[in-house]
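Residue numbers (our numbering): 29 to 109.
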């Protein structure tokens, strides 16, 4: 799967979790950019991504992430492992 394809799937997940079909994310998008992105929504995002990409994230991996681009990089690394 290409990075662009992963980004498109992550975009869909964000739109579903935040119930906003107009939401557009970029590599630099972080929790400060989306008003409703709190700790509970963060967990929902992680769970949805684990389900979509059939993988599990370690809590240490997730805690290091600073933006959407880093999440996509992590997904890409796990898919190629």
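Cβ coordinates follow ideal geometry from the N, Cα and C atoms, glycine included.
Secondary structure of residue i, DSSP reduced to three states
| i | result |
| --- | --- |
| residue 52 | coil |
| residue 77 | helix |
Cβ neighbour criterion (16 or more within 10 Å) applied to residue i
| i | result |
| --- | --- |
| residue 75 | exposed |
| residue 99 | buried |
Limits of the unbroken alpha helix (DSSP H) element including residue i
| i | result |
| --- | --- |
| residue 37 | 31-45 |
| residue 104 | 96-108 |
| residue 89 | 87-92 |
C-alpha distance - residue i paired with residue j, whole-angstrom precision
| i | j | result |
| --- | --- | --- |
| residue 89 | residue 50 | 29 angstroms |
| residue 63 | residue 39 | 16 angstroms |
| residue 68 | residue 46 | 11 angstroms |
- Are the segment 47-62 and the segment 95-104 touching, with three or more C-beta to C-beta distances below 8 angstroms? yes
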